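Colleague: When you line the sequence shown up against UniProt numbering, it's residues 1 to 324, in that order. We put the CB at the ideal spot given by N, CA and C, even for glycine. Predicted, not measured: the structure shown is a model, and the values here were computed from it.
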Amino acid sequence: MSERATAVAHSNIALIKYWGKRDEGIALPATSSVSLTLDAYSTRTTVEWGRDTDTAELDGAPLAGEAGARVTRFLDLVRSLAGRSDGASVISRNTVPTAAGLASSASGFAALAAAASSAAGLDLAPRELSILARKGSGSAARSIFGDLAVWFAGDDDASSFAEPVTDPGLDLAMVVAVVDAGVKTISSRAAMRLTAETSPYFPAWVDASRTDFTDMLAAIAASDFTRVGELTESNAMRMHASMLGATPPVSYWQPDSVRVLHLVRDLRSTGIECYATMDAGPNVKILCQRRRMESVRDAVTAAGITRVTTSLPGPGVAVSRDDE
Ligand code: PMV
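(1) Would you say GLY304 touches ligand 1, meaning its beta carbon is less than 7 Å from a heavy atom?
(2) What did DSSP end up calling GLY138 once you bin it into helix, strand or coil?
(3) What I want to know is whether the C-beta of ASP207 ends up closer than 7 Å to one or more non-hydrogen atoms of ligand 1.
(4) What is the C-beta distance between THR195 and SER160, in whole angstroms, given that I count them as a contact (C-beta under 8 Å)?
(5) When DSSP builds the beta bridges, which residues end up paired with TRP205?
(6) Counting only the same chain and skipping the five closest in sequence on each side, list residues whose C-beta sits under 7 Å from that of ALA162.
(7) Could you tell me which residues DSSP puts in a beta bridge with TYR275?
(8) Determine the burial state of LEU267: buried for a count of at least 16 other Cβ atoms within 10 Å of its Cβ, exposed for fewer.
(9) Pick out the complete beta strand (DSSP E) segments inside the segment 62-133, 3 residues or longer, and give them in chain order.
(10) Under 7 Å from any heavy atom of ligand 1, does the C-beta of LYS184 make it?
(11) Per DSSP, what are the beta-bridge partners of PRO168 in this structure?
(12) Can you look up PRO282 in the DSSP assignment and give me helix, strand or coil?
(13) From the DSSP secondary-structure annotation, give me the bridge partner or partners of ALA311.
(14) Please classify VAL34 as buried or exposed, where buried requires at least 16 other C-beta atoms within 10 Å of its C-beta.
(15) Shortest alpha-carbon distance to ASP39 belongs to which of GLY25, SER104, LEU63, LYS17?
(16) Quick check on DSSP: helix, strand or coil for ALA241?
(17) Which residue's Cα is closest to the Cα of TRP19: THR226, ALA221, ASP215, ASP207?
(18) Touch check for the segment 282-289 and the segment 258-265: three-plus C-beta pairs under 8 Å?
(19) Helix, strand or coil, according to DSSP, for PRO249 in the structure here?
(20) Applying the 10 Å Cβ sphere with the 16-neighbour rule, what's the burial state of THR214?
(21) With a threshold of 6 Å on Cβ separation, who are the neighbours of MET216 within its own chain once the five nearest residues in sequence on each side are excluded?
(22) Considering Cα atoms alone, identify which of ALA236, ASP54, ALA177 is closest to THR301.
(23) State the beta-bridge partners of LEU36 as determined by DSSP.
(24) Buried or exposed, going by whether 16 or more other CB atoms sit within 10 Å of the CB of ALA69?
(25) Give me the residue from SER32, SER187, ASP59 with the minimum Cα distance to GLU66.
(26) If you count every other CB in all the chains shown that lies within 10 Å of the CB of residue 338, and 16 or more means buried, which is it?
(27) Quick one: any contact between the segment 23-30 and the segment 50-62, if contact means 3 or more CB pairs under 8 Å?
(28) Helix, strand or coil for SER234? Go by DSSP, reduced to three states.
(29) Do three or more CB pairs link the segment 243-257 to the segment 218-229 at distances below 8 Å?
(30) Ligand 1 and ARG193: does the residue's C-beta get closer than 7 Å to at least one heavy atom of that ligand?
(31) Leaving out five residues on either side along the sequence, give the residues of the same chain with a beta carbon under 7 Å from the beta carbon of LEU75.
(32) What separation, rounded to the nearest whole angstrom, lies between the Cα atoms of ARG321 and ILE91?
So, in structure tokens, the structure goes:
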């Protein structure tokens, strides 16, 4: 029997961010977060066990150095869960520009968790899969689920997982202004560590984000798009403020990022309701409702941003064993 499985996972963008760990060893976040899974960006990964050593390939090129070592460390977790010691081949394709702050690690590790565990014969429940994916990349815990997801910080390994949040009809969409699809200058892992260790604003970020999280769940339950949008934008700005306070300061912003942030504010003043969020990269993601998606996209394009992607909410991870 072949021990091969393929999984497709979609990336997610946090509306309430995860920034900073409480326990780096097992990837426990300092705060809980909320995200929207996007249909526009995904990773497809095939894993086959029974090899002498691990090999990993992304978009046709072998993963070497730290990227390859990270895959092997993740496969070690699957080996220990499944009680096996063989190697695996990992073949992955991204429709997300890798490491550009477009959540390629979220879709990447969610797909790897699902494919590697299924191919190894493990039949993990969604919650267990979310816990496993979290250890590859924190935000991957949320990409196990579609649409809106919440990741509870938890206080130990077993209580830090994501689960779906019922959307009572917010009709969300996202417009991504790709300011620069190049590889980021500092990884989110290194930047969040630096922020937590050196920024005097980090404790304030943690406090504010806890309140934002509770308020966001209430705004979603009330189907209050304006409140969801306001919280999304202010939470992202607070996260970036905490990074600016680090030593040395961390800034992912570029001039075009700021231009798009201003455009979003201007659009709101003309009645096109939309809100901005940014992650560990210069790209700006604009949250709006589906009926405004084209107007927002056209405005961003008219402002001279050449790569603009629109996205509706995407599905949770899907996996199939190749012997099925
Ligand atoms: O999953 P990581 O370790 O790449 O961290 C993601 C951090 C942010 O994208 C900036 C925020 C988030 O919650 O996704």
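Modeller: If we stick to the structure as given:
(1) no
(2) GLY138 sits in a helix when the DSSP states are folded into three classes.
(3) no
(4) A Cβ-Cβ distance of about 20 Å is found for the pair THR195 and SER160, leaving them out of contact under the 8 Å criterion.
(5) TRP205 is not bridged to any residue.
(6) SER130, ALA141, ARG142, ILE144, PHE145, ALA149, VAL150, TRP151
(7) LEU287
(8) A buried status is given to LEU267, since no fewer than 16 other beta-carbon atoms sit within 10 Å of its beta-carbon.
(9) DSSP runs (the beta strand (DSSP E)) wholly in the segment 62-133: 87-94.
(10) no
(11) Beta-bridge pairing by DSSP links PRO168 to no other residue.
(12) coil
(13) It is Ser, not Ala, that sits at residue 311 in the sequence shown. In the DSSP output, where bridge partners are listed per residue, SER311 has MET174.
(14) buried
(15) SER104
(16) helix
(17) ASP207
(18) yes
(19) coil
(20) exposed
(21) ILE16, VAL34, LEU231
(22) For THR301, the closest C-alpha among the options ALA236, ASP54, ALA177 is that of ALA177.
(23) ILE13, LEU148
(24) exposed
(25) SER187
(26) Residue 338 is absent from the structure shown; the chain starts at 1 and stops at 324.
(27) Short answer: they don't touch.
(28) Here SER234 sits in helix by DSSP.
(29) no
(30) no
(31) Here the set comprises ASP54, ALA88, ALA116.
(32) Per the coordinates, the alpha-carbon of ARG321 lies some 15 Å from the alpha-carbon of ILE91.
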